[in-house]
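Down below is the structure, laid out as structure tokens.
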Amino acid sequence: MEIRMTQNFKILLPAGAAEIIRTLQKAGFEAYAVGGCVRDSLLGRQPDDWDITTSAKPEQVKALFARTADTGIQHGTVTVLINRTGYEVTTYRIDGKYEDGRHPKNVTFAGSLEEDLKRRDFTVNAMAYNDDEGLIDLFDGVGDMRRRMLRCVGNPGERFGEDALRMMRAVRFSAQLDYRMEEKTREAAHMLAKSLARISAERIAAELVKLLVSNHPERMRDCYEIGLTAVFFPEFDRMMETGQNNPHHLYSVGEHTIHAMEASKPDRVIRLSLLLHDAGKVLVKTRDGEGIDHFHGHAQKSAEIAKTVLRRLKFDNYTTDRVIRLVCAHDVWIAPDGKHMRRAMNRIGKDLFPDLFAVKEADIKAQSLYLRQEKEETLARLRQIYGQVERAGECVSLKELAVSGTDLIAAGIRPGKGMGQILQNLLEEVLEEPSRNEKSYLTQKAKELARAVGGNDFSNTL
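Quick note: the sequence shown uses the working numbering, first residue 52, plus one each step.
Here's what the structure looks like:
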């Protein structure tokens, strides 16, 4: 990626950030935009947010601006609100001893920008800028960007020892930026990988998702090689070590997983589903007399593992439920016709199908060429049939039936445990022939079913 800057590294600051920096400077303080916003600006990207570092103490910052919030004042951070946008303004600081592998026990306000930048994680994140002085790059972050390299500021062992999450961030940044990890940085991460266990599951999950939805989800391979997955996702290590001697495959389970993620769009749910879709193969692998590997029932086992992993990493209920459903359904065979599609939509849930097709497509692309054309043609046909069912508004669930339990009671059918079975029988008939989803027909059919099981007299209603 080219650094899209003029020779003097002029950065266009947003109006709010520029106003904060000017206000602090006029009051006699130093102030700079710092960190990821500077890096992204140099890359020609739009920063998600703008952080500012200053020599002013928090109380001095608060005195200069009308609207502020104490979002991290114990660490020297005040959020300044300008035109409804929040900017984090942090006093130069030196972090105290990291006793939990994540947070400093205390912070000391530093006397210089250099001291503040020295505590930061990677050289590409340790640059500062203001319009008066231009780019401040004390650790050759620009050079590392041109070399497409991710390197720790100073001693990588110290940086990772201070905050073990930085090892996950190193892999994540290398994936987002498509940078290689500098050798000493990588070696230090490998040496200290086990210390990642001190980091909360939520923070690891956040970094994992950012890695997965980047343009380079194959950097999961780095997490494995460095030893990070052994800490938070040991199931992946076993996937990487499980071969697939089968005509449909040419990679190990883990490598197939990586290639499938590469073949998919960068969507959180889809990539998590692909990450976990074959995890159960490790548990069900068998080999026949001809040396061919088989993985019968792997989808259900994979869904069970997905549930365990996602709960371990404290994912939200929506993501967990959707990923488990996709993993469980990814290998389901659906005959390419309307009847079987409607039944599959009823069983799996029609809301899942767009993502399910995406998972199936990526899964096929990560397999061998054996029968690939036939698989892709079948998938294309299933997508076509699904679209036809959706456009026609065909009934695929009880809530879409033209009659409800209330309607049947109004027609004279007494409520009871048999009511649910009658409705299910009506749904089965409509799944078979969608044109029968008509109120008068279904009401009459329900009465016939009620008579067949006995206990209902419709002489007064017929």
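Yeah, the Cβ is synthetic: ideal placement off N, Cα and C, and Gly gets one too.
Values in this document were obtained by computation on a predicted structure and should not be read as measured data.
If residue i sits next to residue j, beta carbons under 8 Å apart, how far is it from one beta carbon to the other, in whole angstroms?
{"i": "Gly192", "j": "Met178", "result": "5 Å"}
{"i": "Asp229", "j": "Arg198", "result": "That belief does not hold up - the Cβ atoms of Asp229 and Arg198 are roughly 12 Å apart, past 8 Å."}
{"i": "His391", "j": "Ile385", "result": "6 Å"}
{"i": "Thr122", "j": "Glu139", "result": "7 Å"}
{"i": "Asp406", "j": "Leu377", "result": "6 Å"}
{"i": "Leu186", "j": "Phe80", "result": "Actually they do not touch by this definition, with Cβ atoms about 19 Å apart."}
{"i": "Val454", "j": "Met396", "result": "That belief does not hold up - the Cβ atoms of Val454 and Met396 are roughly 20 Å apart, past 8 Å."}
{"i": "Lys496", "j": "Glu484", "result": "Wrong, their Cβ atoms sit about 12 Å apart, outside the cutoff."}
{"i": "Phe284", "j": "Val360", "result": "6 Å"}
Looking at residue j and residue i, is the spacing between their C-beta atoms short of 7 Å?
{"i": "Ala354", "j": "Cys379", "result": "yes"}
{"i": "Leu75", "j": "Ala107", "result": "yes"}
{"i": "Ala248", "j": "Ile277", "result": "no"}
{"i": "Gly331", "j": "Lys358", "result": "no"}
{"i": "Thr128", "j": "Thr141", "result": "yes"}
{"i": "Thr429", "j": "Pro387", "result": "yes"}
{"i": "Ile460", "j": "Leu500", "result": "no"}
{"i": "His328", "j": "His381", "result": "yes"}
{"i": "Val260", "j": "Arg223", "result": "no"}
{"i": "Leu452", "j": "Leu482", "result": "no"}
{"i": "Leu323", "j": "Met312", "result": "no"}
Please work out which residues of its chain come closer than 7 Å, Cβ to Cβ, to residue i, disregarding the five sequence neighbours upstream and downstream, and give them in chain order.
{"i": "Asp288", "result": "Tyr275, Thr280, Ala281"}
{"i": "Thr236", "result": "Leu201, Arg202, Cys203, Pro207, Ala221"}
{"i": "Arg217", "result": "Asp172, Arg210, Phe211"}
{"i": "Asp167", "result": "Thr104, Tyr143, Arg144, Ala161"}
{"i": "Gly342", "result": "Asn296"}
{"i": "Gly205", "result": "Lys169"}
{"i": "Thr136", "result": "Gly67"}
{"i": "Asn476", "result": "Leu500"}
{"i": "Arg434", "result": "Phe408"}
{"i": "Glu269", "result": "Ile309, Glu313"}
Near residue i, what residues of its chain come up, given a Cβ to Cβ distance below 6 Å and the 5 sequence neighbours on each side ignored?
{"i": "Leu364", "result": "Ala252, Ala256"}
{"i": "Ala516", "result": "Past the boundaries of the shown model lies residue 516; the chain is included only from 52 to 513, so the question cannot be answered."}
{"i": "Phe404", "result": "Tyr437"}
{"i": "Pro98", "result": "Cys88, Asp91"}
{"i": "Lys426", "result": "Ile415"}
For residue i, does the count of other Cβ atoms within 10 angstroms reach 16, so buried, or fall short, so exposed?
{"i": "Lys490", "result": "exposed"}
{"i": "Arg502", "result": "exposed"}
{"i": "Asp151", "result": "Low per-residue confidence applies at Asp151: pLDDT is 49, beneath 50, and the placement is therefore not dependable, though the value from the model is reported in the following sentence. It counts as exposed."}
{"i": "Tyr369", "result": "exposed"}
{"i": "Lys597", "result": "Since the first and last residues shown for the chain are 52 and 513, residue 597 lies out of range."}
{"i": "Ala417", "result": "buried"}
{"i": "Ile103", "result": "buried"}
{"i": "Pro466", "result": "exposed"}
{"i": "Val131", "result": "buried"}
{"i": "Ser315", "result": "buried"}
{"i": "Val264", "result": "buried"}
{"i": "Gly95", "result": "exposed"}
{"i": "Asp367", "result": "exposed"}
{"i": "Asn176", "result": "buried"}
{"i": "Asp183", "result": "exposed"}
{"i": "Asp339", "result": "exposed"}
{"i": "Ala411", "result": "The amino acid at residue 411 is misidentified as Ala; the sequence shows Lys. So Lys411 ends up on the buried side."}
{"i": "Asn181", "result": "buried"}
{"i": "His347", "result": "exposed"}
{"i": "Asn134", "result": "exposed"}
{"i": "Ser225", "result": "buried"}
{"i": "Val504", "result": "exposed"}
{"i": "Pro109", "result": "buried"}
Beta-carbon within less than 8 Å of residue i's beta-carbon, same chain only, minus the 5 sequence neighbours each way: which residues are those?
{"i": "Ile436", "result": "Pro387, Asp388, Gly389, Met392"}
{"i": "Thr293", "result": "Ser303, Val304, Gly305, Lys332, Val333, Lys336"}
{"i": "Arg362", "result": "Thr371"}
For the stretch 409 to 424 and the stretch 440 to 457, state whether three or more C-beta atom pairs, one from each stretch, are separated by less than 8 Å. no
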